[in-house]
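In the numbering used here, the protein residues as written are 247 to 673. Note that the Cβ used here is the ideal one computed from N, Cα and C, for glycine as well. A quick note: this is a predicted structure, and the numbers were derived from the prediction, not measured.
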RNA sequence: GUGGAUGUAGCUCAAUGGCAGAGCCCUGGACUGUGGCUCCAGUGGUUGCGGGUUCGAGCCCCGUCAUCCACCCCA
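What follows is the structure, encoded as structure tokens:
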């Protein structure tokens with residue numbers, strides 16, 4: 247039997263309810279802050295990600311689905327969205343010339359990791375990016391949107407971790423990294439094997455290590471908080487002020503280091519302990535030099551991304567079987583079927599969802615199907631009804647049933663549906 | 001890439017090395033034109049795949065594939 251590749255899932259209708267609620271909440275929150283949707287390609291030239299995320303990052307070195315096109319150029323299925331949005335922004339002169347821009351995106355991402363709880367090879371993210379200002383307000387705006395989306399989706403059990411990793415200048419992170427490196431070099435023997443390698447490549451990442459030895463070492467390590475330059479310190483204070491003003495709880499974590507190279511100043515994560523070996527369901531930060539490194543004008547920017555499947559896990563979202571159909575038509579075949587088909591057309595044209603089984607076995611069988619579809623009404627056309635061009639309208643919740651002229655059916659159902667008009671056809 | 005666990009009906013799972021089962025689902029009946037609750041009956045299997053040991057393997061051994069969990073890393 248053919249199966250789907252590992253870590254690449256089908257999403258069936260029963261799950262779509264919860265799934266759409268998450269995406270819907272995100273879209274609505276983005277709209278409220280004037281972010282507009284952008285559709286970015288599912289694949290890019292490999293350089294986009296290599297340059298965007300950093301040549302040495304784990305994602306680029308071992309987690310990308312990369313292949314050659316027919317001309318021998320290297321293409322990669324996108325492992326995240328920010329690099330693509332930046333690439334799109336830079337290559338589109340119209341937007342590039344605007345003083346600022348707000349985008350959001352959603353769609354599948356691909357990473358060639360071993361699947362496990364909360365980790366898929368194809369998964370869905372939505373995210374937002376702001377271009378054009380270093381003002382800490384925008385860091386806040388980005389964080390606040392993700393916060394609002396979490397609340398709307400019903401995620402209660404989470405923490406917001408916040409940090410500033412400063413800028414690259416020698417009196418800021420640049421100098422800090424040097425101190426950090428020498429601190430760990432003196433204790434090289436106590437570091438795990440991975441961290442000894444990180445010591446050369448990216449000493450900051452040692453702070454992220456969960457090995458016991460390394461974790462206890464970092465308690466005595468110099469903290470980035472004490473080594474920010476005046477400008478970055480002021481920026482960080484500004485972000486916190488905005489968060490406080492909005493009563494958004496956060497926990498400062500001076501050791502919060504993200505796996506992507508492009509971050510500057512603000513970094514943050516929305517974390518929970520309900521994701522197995524994973525902990526973050528959304529994360530982001532500021533990336534003030536990424537646009538420039540893609541060949542654009544120097545343009546400060548902030549953004550975040552969230553994992554839809556992880557949010558569903560954290561929210562404990564249950565599958566909802568049944569379609570919420572408005573009407574299921576039950577018929578006795580022959581002339582009754584002919585009238586049922588005609589009535590189905592009428593109902594659908596009136597914006598009422600209707601379904602039936604032309605093979606229609608017993609009434610019992612058809613009623614059962616109506617129940618499985620969680621239909622709100624059943625319209626029954628048996629031989630008696632068909633003879634008088636009538637139908638029996640049954641409310642499936644109460645069991646009440648009434649025989650009415652077929653002509654009146656659509657009008658009566660429409661009146662009885664409490665939310666007719668929302669999500670139904672309009673007139 | 002590394003480690004551990006698990007693969008039996010559509011689903012969830014039983015079965016000392018000795019006749020492959022139950023619950024749910026599905027179909028039908030009790031109720032000849034009425035869903036959910038109850039009761040009864042029925043359909044449904046190359047026990048992931050390939051070897052081996054044995055009189056005999058779902059069970060033991062080897063290999064392989066798949067899934068899950070964890071490491072690593074990340075949404």
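For the pair residue 654 and residue 617, the CB atoms are not nearer than the 8 Å cut-off.
Using a Cβ distance threshold of 8 Å, residue 376 and residue 483 do not count as a contacting pair. Contact annotation: the segment 319 to 339 touches the segment 282 to 300, with at least three C-beta pairs closer than 8 Å. By the neighbour-count criterion, in which 16 or more other beta carbons inside 10 Å mark a residue as buried, residue 545 falls on the buried side.
By the C-beta density criterion, residue 572 is buried, having at least 16 other C-beta atoms within 10 angstroms.
For residue 653, there is no enclosing beta strand (DSSP E), since its DSSP letter is neither H nor E. DSSP, reduced to helix, strand and coil, places residue 367 outside both helices and strands of the structure shown, so it counts as coil. Assignment of residue 520 by DSSP, reduced to helix, strand and coil, places it in the coil class.
Within the same chain, and ignoring the five residues on either side of residue 448 in sequence, the residues whose Cβ sits closer than 7 Å to its Cβ are 302. By the Cβ neighbour-count rule, residue 250 is exposed, with fewer than 16 other Cβ atoms within 10 Å of its own. Beyond the five residues adjoining it in sequence on each side, residue 281 comes within less than 7 Å, by CB distance, of 348, 349, 350 and 374 in the same chain, given in chain order. In this structure, 450 is the residue among 450, 316, 629 and 413 with its C-alpha nearest to the C-alpha of residue 505. It is roughly 15 Å from the alpha-carbon of residue 603 to the alpha-carbon of residue 623. Check the Cα spacing between residue 252 and each of 610, 358, 473 and 261: the tightest is with 358. Note that the C-beta distance between residue 600 and residue 575 is below 8 Å. Sorting 468, 434 and 637 by C-alpha distance to the C-alpha of residue 582 places 637 at the top. Within a 10 Å sphere around the beta-carbon of residue 389 sit 16 or more other beta-carbons, which makes this residue buried.
Per the C-alpha coordinates, the member of 590, 473 and 361 positioned closest to residue 409 is 473. The shortest CA-to-CA distance from residue 309 to any of 333, 360, 531 and 263 is the one to 360.
The alpha-carbon separation between residue 266 and residue 371 amounts to approximately 13 Å.
Between residue 534 and residue 510 a beta carbon distance of about 5 Å is seen, short of the 8 Å cut, so the two are scored as contacting. The C-beta of residue 284 has 16 or more other C-beta atoms within 10 Å across all chains shown, which makes the residue buried. By the criterion of a C-beta distance shorter than 6 Å, residue 441 is surrounded in its chain by 452, 455 and 460, once the five residues flanking it on both sides are discounted.
In the DSSP assignment, residue 479 falls within the alpha helix (DSSP H) that extends over 476 to 491. Here residue 424 is exposed: its Cβ has fewer than 16 other Cβ atoms, across all protein chains shown, within 10 Å. One Cα belongs to residue 497, the other to residue 538, and the distance between them is close to 31 Å. Between residue 378 and residue 385, the alpha-carbon positions lie close to 12 Å from each other. For the pair residue 540 and residue 336, the CB atoms are nearer than the 8 Å cut-off.
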